[in-house]
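K.L.:
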Amino acid sequence: MRFLAPILALLLVVVLANSLFIVKEGESALVLQFGRIEGIGSAQGDGELHPGLHFKLPLVQQVVRFDRRILNLEAQPEKYLTSEKKAVNVDFYVKWQIENSVTYYRSFGADEFQTAANGRLGSIIKNALGFEFRTRSLGDLISNARSDITEHVREQANKSTETVLGVRIVDVRIKRIEFPDEVVTSVYNDMKAERSRLASEQRSAGKEQAQKIRADAEKQAAIIKAEAERDAQLLRGEGDAKAAEIYAGAYNKDPEFYAFDRSLRAYREAFKSGGVLVLDPNSEFLRYFEAAKNEGKR
Amino acid sequence: MAWNEPGKRDPWQGKKPPQDVEEMLRRLRDGVGRLFGGGGGGGGSSGSGGGSGLLMIGIFILIVVWIGTTSLINIDARQIGVVLRFGRFERVMNSGFNLKWPAPIESVYKVEATTVRTFSDEVRMLTKDENIVVVDFNVQYHINDARRYLFAASQPEETLKQAAESAVRQQVARSDMDTVLSGLGTEVVADTEKMLQQTLDGYNVGLVIDSVNFQKILPPPDVKEAFDDANNAGNNQKQYVNDAQAEAARVIPLARGDAARIRAEAEAYRATKIAAATGEAERFSLVQQQYHLAPEVTRKRLYLETMQEVAGASVKVVDGSNGKSMLYLPIDKIREDAAAAGAAAAANDANGNRGGNP
Numbered sequence: 001m002r003f004l005a006p007i008l009a010l011l012l013v014v015v016l017a018n019s020l021f022i023v024k025e026g027e028s029a030l031v032l033q034f035g036r037i038e039g040i041g042s043a044q045g046d047g048e049l050h051p052g053l054h055f056k057l058p059l060v061q062q063v064v065r066f067d068r069r070i071l072n073l074e075a076q077p078e079k080y081l082t083s084e085k086k087a088v089n090v091d092f093y094v095k096w097q098i099e100n101s102v103t104y105y106r107s108f109g110a111d112e113f114q115t116a117a118n119g120r121l122g123s124i125i126k127n128a129l130g131f132e133f134r135t136r137s138l139g140d141l142i143s144n145a146r147s148d149i150t151e152h153v154r155e156q157a158n159k160s161t162e163t164v165l166g167v168r169i170v171d172v173r174i175k176r177i178e179f180p181d182e183v184v185t186s187v188y189n190d191m192k193a194e195r196s197r198l199a200s201e202q203r204s205a206g207k208e209q210a211q212k213i214r215a216d217a218e219k220q221a222a223i224i225k226a227e228a229e230r231d232a233q234l235l236r237g238e239g240d241a242k243a244a245e246i247y248a249g250a251y252n253k254d255p256e257f258y259a260f261d262r263s264l265r266a267y268r269e270a271f272k273s274g275g276v277l278v279l280d281p282n283s284e285f286l287r288y289f290e291a292a293k294n295e296g297k298r
Numbered sequence: 299m300a301w302n303e304p305g306k307r308d309p310w311q312g313k314k315p316p317q318d319v320e321e322m323l324r325r326l327r328d329g330v331g332r333l334f335g336g337g338g339g340g341g342g343s344s345g346s347g348g349g350s351g352l353l354m355i356g357i358f359i360l361i362v363v364w365i366g367t368t369s370l371i372n373i374d375a376r377q378i379g380v381v382l383r384f385g386r387f388e389r390v391m392n393s394g395f396n397l398k399w400p401a402p403i404e405s406v407y408k409v410e411a412t413t414v415r416t417f418s419d420e421v422r423m424l425t426k427d428e429n430i431v432v433v434d435f436n437v438q439y440h441i442n443d444a445r446r447y448l449f450a451a452s453q454p455e456e457t458l459k460q461a462a463e464s465a466v467r468q469q470v471a472r473s474d475m476d477t478v479l480s481g482l483g484t485e486v487v488a489d490t491e492k493m494l495q496q497t498l499d500g501y502n503v504g505l506v507i508d509s510v511n512f513q514k515i516l517p518p519p520d521v522k523e524a525f526d527d528a529n530n531a532g533n534n535q536k537q538y539v540n541d542a543q544a545e546a547a548r549v550i551p552l553a554r555g556d557a558a559r560i561r562a563e564a565e566a567y568r569a570t571k572i573a574a575a576t577g578e579a580e581r582f583s584l585v586q587q588q589y590h591l592a593p594e595v596t597r598k599r600l601y602l603e604t605m606q607e608v609a610g611a612s613v614k615v616v617d618g619s620n621g622k623s624m625l626y627l628p629i630d631k632i633r634e635d636a637a638a639a640g641a642a643a644a645a646n647d648a649n650g651n652r653g654g655n656p
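Chains A and B are the protein sequences, given in the same order. Take the first sequence: its position 181, counting from 1, is numbered 181 in the numbering used here, and each next residue is one higher. Count along the second sequence from 1, then add 298; that gives the number in the numbering used here.
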C-alpha cells in the first residue's frame, strides 16, 4: 500500500509528459494516430498545429514537427549552356518554406532535415534554370536579366510545388555565373590582349603627340631663323646699297681721277704678293732709268 | 517528458534557455522522493513532524530558487529578449530587469540586437562585357527584429552572405569592366544597399543593412601585370609629351637667340659697309681735291709711288728689245726665289693694310 502513492505519481507524470507538447515559434506540427493525420477537415483547420501548448492522447498518437521558417537550399554549381552554346557554371540558392504541413507530410514524410524536399526542389529548379539559360545569350544572362530569369523560374516552379508539395518557393537567386576554368584562361588572355592593345595605343599616341610637338618646335625655330636671315640679307643689302651710293656720290665728281686712283690701288693689291715683272725701259716708270744711264755716259 | 527537455525544443539553434530547468527538476524530484520517503518513515515511528517541517522548508526554498532563476530576467543594454509562452511568441523584453512566468511556462531567448556585425568577402565576378574582376566588399548590418531573426528564417547570417554576394554581383554585372575598375560611385552603393535590404526583407531574416562598402575592385591577379603595364603606358604617354614639350621649350628660345645674332651680325655688316664706304669716299674726295689743285704732279707722284711699291715686291726684268728678242726666263726658278723672299716679306708685312675694296 505504501508504494501506491509514488507509483501513481510517477504514472501521472508519464501520462502528462506524453500528452502535453509544445509547438515552438517557427514550427508547426501534425498529430498522427497510427499513421493517420488527426484533425483534417476540423473547424481549427487542416490538423496543422500552430505554436503553443497542445494535447494529444498519450502513447497512441505521435507528433510530427515541421520547420516553418524560410529555409535555405544551396545547390552545387551547375553547368549550363547558353543560347550561343557557351558553357557557364551557375551557383544558385533557393529560399523556400513549408506552406502546408499536410501536403508536405504526404510528399516527403517527416523529413526532419529536409533532405528529400531539398533534393526534389533542387532538381525542379535546375531544370527550370536550364531551360532559361538555353534560350538566352550570355550577355543577357549576365547583365540585366538576372532577376527576371529567377523570377520566372520561381513562378514556374511554384505552380507545381505549392499544390503538389505544400512548399512555397520564396526566391530563386543566382549567386554566381562563372566560366569554366579553360574559358577563364581564354578570358584572361583576351583581357591581357586588350590591355596591351590599350598600352601600345597610349604609347603610340604619346609618341605621336611628342613628334608633333617636336616638329612644330622645329618648324617654329626654322621660321624664326629664316626670318632672321631674311632680315639680315635686307640689312646687308641696305648696307651694300648705301655704300654703293656713297661711293658713287664721291667718285662721280671726277670719274677720270677715280679710274686712275682705283687702278693704282688695284696694281698695288695685285702685285703685293710679288711676281715677275717684265718692264719696257720706255715705260713711264723707267723713263728716267735709261736717261740717267745716258747722262752718266755723257 | 516534454517539460524537462528544453534543449529539444530548439533543435536548430543549440541554444539553451538561460535557466537550468534540468537541475531544478532534479532537486524537485529529490524533494518529492524525500516527502514520500519521510512519510513512510513516519508510519513506522514517531517524530515524523520534525521531518515534515524540514521538508516543507526545503520545498519552499526550491520554489523560491526556481522562480528566482527562471522568472527574474536581466537583459543587457545591447540585448533584446524574445519571450515564448509554451513555445508561442508572447512579447519582447527590452534591456533592464524583467519578469516572466517561470519555466517551463515561459522561456526567453536573448539576442545581441544592437551590435553592428560585419561580413566581408572577396569574390570573382563577371562584368557586363564578359571580363572578370575581383571585388572585395563588406556589409555591415544589425538585427532589427529579434523575433524574425530567431524564428522566421533559418541561417540568417548565411542568408545575408548569399543575398549580399548576389546583390553585389548584380551591380557589377551592370557595368563594363572599365567602369567597375574606375570605382563604383555612391549611387551604385546606395542601389546595392537598397536591393540587398529588399531581398532580406523578403526572407524575413530580421536584419537591417547599415552599409555596403566596396573595399577594392581589382583585375584578377593573373592579368594584373597587363593592367599595370597599361597604367604605365598612360604615364609613358604623358612622359613622352612632357619630354617633347621640354625640348620645344629649349629649341625655340635657342632659335630666337640665333635669330637675334644673325640680325645683329647683319646690322654690323651694314654699319661696317657704310662706314667703310663713307671713309673711302672721304679719302677720295680729299685726294681728288688736292689732285685738282696740281693734277700733273700729283698724278705722277701717285703713279711712281705705286710703281715703287709694286716693283719693290716683284722680280724685275727690264727688256729693252721691245719684245723682239726672246728672253730666256727660268720662271720656275725665279718664282721659287721670289716665293722665299715673298714669304719673308709677307711675314714682315703681316700687319700691312688689307682693307676691303669695293
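The beta-carbon is built from N, C-alpha and C at its ideal position, and this holds for glycine as well.
1. Across the region 135 to 154 of chain A and the region 53 to 71 of chain A, are there enough close Cβ pairs to call them in contact, namely three or more that are closer than 8 Å?
2. Please work out which residues of its chain come closer than 6 Å, Cβ to Cβ, to Ser418 of chain B, disregarding the five sequence neighbours upstream and downstream, and give them in chain order.
3. Distance, Cα to Cα, Glu48 of chain A vs Arg68 of chain A?
4. Measure the Cβ-Cβ separation of Leu482 of chain B and Tyr439 of chain B and say whether it is below 8 Å.
5. With a threshold of 8 Å, are at least 3 pairs of Cβ atoms found where one atom belongs to the region 121 to 135 of chain A and the other to the region 67 to 83 of chain A?
6. With burial defined as no fewer than 16 other Cβ atoms inside 10 Å of the residue's Cβ, what is the status of Asp91 of chain A: buried or exposed?
7. At least one CB of chain A closer than 8 Å to the CB of Pro518 of chain B: is that the case?
8. What residues of chain A sit near Met605 of chain B, judged by a beta carbon separation below 7 Å?
9. Since Arg415 of chain B sits in a beta bridge, which residues does DSSP pair it with?
10. Would you kindly report the start and end of the unbroken beta strand (DSSP E) that includes Val486 of chain B?
11. Going by beta carbon distance, what residues of the same chain come within less than 8 Å of Lys79 of chain A, once the five residues before and after it are set aside?
12. Run through DSSP, which three-state label would Val478 of chain B get?
13. DSSP three-state label for Trp399 of chain B, please.
14. If I follow the unbroken alpha helix (DSSP H) through Tyr104 of chain A, where does it start and stop?
15. Could you give the C-beta distance for Phe582 of chain B and Tyr251 of chain A, rounded to a whole number, given that I count them as a contact under 8 Å?
16. According to DSSP, simplified to helix, strand and coil, what is Ala592 of chain B?
17. Could you tell me how far apart the beta carbons of Met391 of chain B and Ile373 of chain B are, in whole angstroms, since I believe they sit closer than 8 Å?
18. Going by DSSP, name the residue or residues bridged to Gly52 of chain A.
19. Is any heavy atom in the ligand NAD found nearer than 7 Å to the beta carbon of Ala547 of chain B?
20. Can you list the residues of chain D that Tyr247 of chain A reaches, using a CB-CB cut of under 9 Å?
21. Could you check the C-alpha separation between Leu30 of chain A and Asp111 of chain A for me, to the nearest Å?
22. Check whether chain B comes within 8 Å of Lys225 of chain A, counting only Cβ atoms and requiring the distance to be less than that.
23. What residues from chain A crowd round Val539 of chain B, counting only those whose CB sits closer than 8 Å?
24. Can you have a look at Lys398 of chain B and say buried or exposed, based on whether 16 or more other CB atoms are within 10 angstroms of its CB?
25. For Phe257 of chain A, report the span of its alpha helix (DSSP H) as first-last.
26. Assign Arg548 of chain B to one of two classes, buried (16 or more other C-beta atoms within 10 Å of its C-beta) or exposed (fewer than that).
27. What do you reckon, are the CB atoms on Tyr247 of chain A and Ala566 of chain B nearer than 8 Å?
28. If we cut at 8 Å on Cβ distances, does Ala199 of chain A have a partner in chain B?
29. Taking three-plus beta-carbon pairs below 8 Å as touching, is the region 487 to 507 of chain B in contact with the region 442 to 462 of chain B?
30. Here's a check: name, in chain order, each residue in its chain whose Cβ is nearer than 6 Å to the Cβ of Gln495 of chain B, leaving out the five neighbours to either side.
31. With 8 Å set as the bound, which would you pick, yes or no: does the beta-carbon of Val585 of chain B sit closer than that to a beta-carbon of chain A?
32. Pairs of beta-carbons, one from the region 467 to 483 of chain B and one from the region 424 to 435 of chain B, closer than 8 Å: are there three or more?
33. Alpha carbon to alpha carbon, what distance is there between Leu264 of chain A and Val613 of chain B?
34. When the cut-off is 8 Å and only beta carbons count, does Lys492 of chain B lie next to chain A?
35. Verify whether the separation of the beta carbon atoms of Gly385 of chain B and Glu38 of chain A is less than 8 Å.
36. Of the residues B:Lys459, B:Tyr447, B:Leu498, B:Lys536, which one's Cα is nearest the Cα of Gln211 of chain A?
P.N.:
Based on what the coordinates show:
1. As far as the Cβ criterion goes, the region 135 to 154 of chain A does not touch the region 53 to 71 of chain A, which means the pair count is below three.
2. By 1-based counting over the second sequence, the position of residue 418 of chain B is 120. The answer, listed in chain order, is Asn436.
3. Here residue 48 of chain A is taken as the residue at index 48 of the first sequence, counted from 1. Here residue 68 of chain A is taken as the residue at index 68 of the first sequence, counted from 1. A straight-line Cα-Cα distance of about 11 Å links Glu48 of chain A and Arg68 of chain A.
4. Position 184 of the second sequence holds residue 482 of chain B. Position 141 of the second sequence holds residue 439 of chain B. For Leu482 of chain B and Tyr439 of chain B, no; Cβs fall outside 8 Å.
5. Of all C-beta pairs linking the region 121 to 135 of chain A to the region 67 to 83 of chain A, three or more are shorter than 8 Å, placing the two stretches in contact.
6. On the first sequence, position 91 is the one that residue 91 of chain A refers to. Classified as buried, Asp91 of chain A has 16 or more neighbouring CB atoms from the shown chains inside 10 Å of its CB.
7. Within the second sequence, residue 518 of chain B is the residue found at index 220, counting from 1. Yes, contact with chain A.
8. As a working note, residue 605 of chain B is residue 307 in the second sequence. Neighbours of Met605 of chain B on chain A, chain order: Phe285.
9. To locate residue 415 of chain B, count along the second sequence from 1; it is residue 117. In DSSP, Arg415 of chain B forms a bridge with B:Tyr439.
10. The residue you call residue 486 of chain B lines up with position 188 of the second sequence. For Val486 of chain B, no beta strand (DSSP E) encloses it; the enclosing alpha helix (DSSP H) starts and ends at 484 to 501.
11. In the first sequence, the residue the question calls residue 79 of chain A occupies position 79. So the list reads Ala87, Val88, Asn89, Val90, Pro180, once near-sequence residues are dropped.
12. Looking up residue 478 of chain B in the second sequence gives position 180. Secondary structure of Val478 of chain B (DSSP, three-state): helix.
13. The residue you call residue 399 of chain B lines up with position 101 of the second sequence. Trp399 of chain B carries a coil assignment under DSSP once its states are collapsed to helix, strand and coil.
14. Numbered from 1 along the first sequence, position 104 holds the residue referred to as residue 104 of chain A. For Tyr104 of chain A, the uninterrupted alpha helix (DSSP H) run begins and ends at 101 to 108, by DSSP.
15. Here residue 582 of chain B refers to the residue found at position 284 of the second sequence. Here residue 251 of chain A refers to the residue found at position 251 of the first sequence. With 8 Å as the limit, Phe582 of chain B and Tyr251 of chain A qualify as a contact, their Cβ atoms being about 6 Å apart.
16. Indexing the second sequence from 1 puts residue 592 of chain B at position 294. Coil.
17. Counting from 1 along the second sequence, the entry for residue 391 of chain B is found at position 93. Counting from 1 along the second sequence, the entry for residue 373 of chain B is found at position 75. Cβ-Cβ separation between Met391 of chain B and Ile373 of chain B: approximately 5 Å, consistent with a contact (criterion under 8 Å).
18. Mapped onto the first sequence, residue 52 of chain A falls at position 52. Answer is A:Val23.
19. Questions concerning the ligand NAD fall outside what the structure shown contains, since it holds no ligand whatsoever.
20. Of the protein chains in the structure, A and B, none is chain D.
21. Taking the first sequence and counting its residues from 1, the one referred to as residue 30 of chain A is at position 30. Taking the first sequence and counting its residues from 1, the one referred to as residue 111 of chain A is at position 111. Distance between the alpha carbons of Leu30 of chain A and Asp111 of chain A: 13 Å.
22. Taking the first sequence and counting its residues from 1, the one referred to as residue 225 of chain A is at position 225. With 8 Å as the cut-off, Lys225 of chain A counts as an interface residue toward chain B.
23. Here residue 539 of chain B refers to the residue found at position 241 of the second sequence. Ordered by position in chain A, the residues that pass the 8 Å Cβ test against Val539 of chain B are Gly206, Gln209, Ala210, Ile213.
24. Stepping through the second sequence from its first residue, residue 398 of chain B is reached at position 100. Lys398 of chain B is classed as buried because its beta carbon has at least 16 other beta carbons within 10 Å across all chains shown.
25. On the first sequence, position 257 is the one that residue 257 of chain A refers to. Bounds of the alpha helix (DSSP H) holding Phe257 of chain A are 255 to 271.
26. Indexing the second sequence from 1 puts residue 548 of chain B at position 250. It counts as exposed.
27. In the first sequence, the residue the question calls residue 247 of chain A occupies position 247. In the second sequence, the residue the question calls residue 566 of chain B occupies position 268. Going by C-beta atoms, Tyr247 of chain A is not nearer than 8 Å to Ala566 of chain B.
28. For this step, residue 199 of chain A is matched to residue 199 along the first sequence. Chain B places a beta carbon closer than 8 Å to that of Ala199 of chain A, counting this residue as a contact.
29. Yes, the region 487 to 507 of chain B touches the region 442 to 462 of chain B.
30. In the second sequence, the residue the question calls residue 495 of chain B occupies position 197. Hits under 6 Å: Ile507.
31. Taking the second sequence and counting its residues from 1, one reaches residue 585 of chain B at position 287. With its beta carbon less than 8 Å from one in chain A, Val585 of chain B belongs to the interface.
32. Between the region 467 to 483 of chain B and the region 424 to 435 of chain B, the count of Cβ pairs shorter than 8 Å is three or higher; the stretches touch.
33. Counted from its first residue, the second sequence places residue 613 of chain B at position 315. Counted from its first residue, the first sequence places residue 264 of chain A at position 264. Rounded to the nearest angstrom, the two C-alpha atoms are 19 Å apart.
34. Indexing the second sequence from 1 puts residue 492 of chain B at position 194. Among the CB atoms of chain A, none fall inside 8 Å of the CB of Lys492 of chain B.
35. Counting from 1 along the second sequence, the entry for residue 385 of chain B is found at position 87. Counting from 1 along the first sequence, the entry for residue 38 of chain A is found at position 38. For Gly385 of chain B and Glu38 of chain A, no; Cβs fall outside 8 Å.
36. Taking the first sequence and counting its residues from 1, one reaches residue 211 of chain A at position 211. Selected option, being the one with the closest Cα: B:Lys536.
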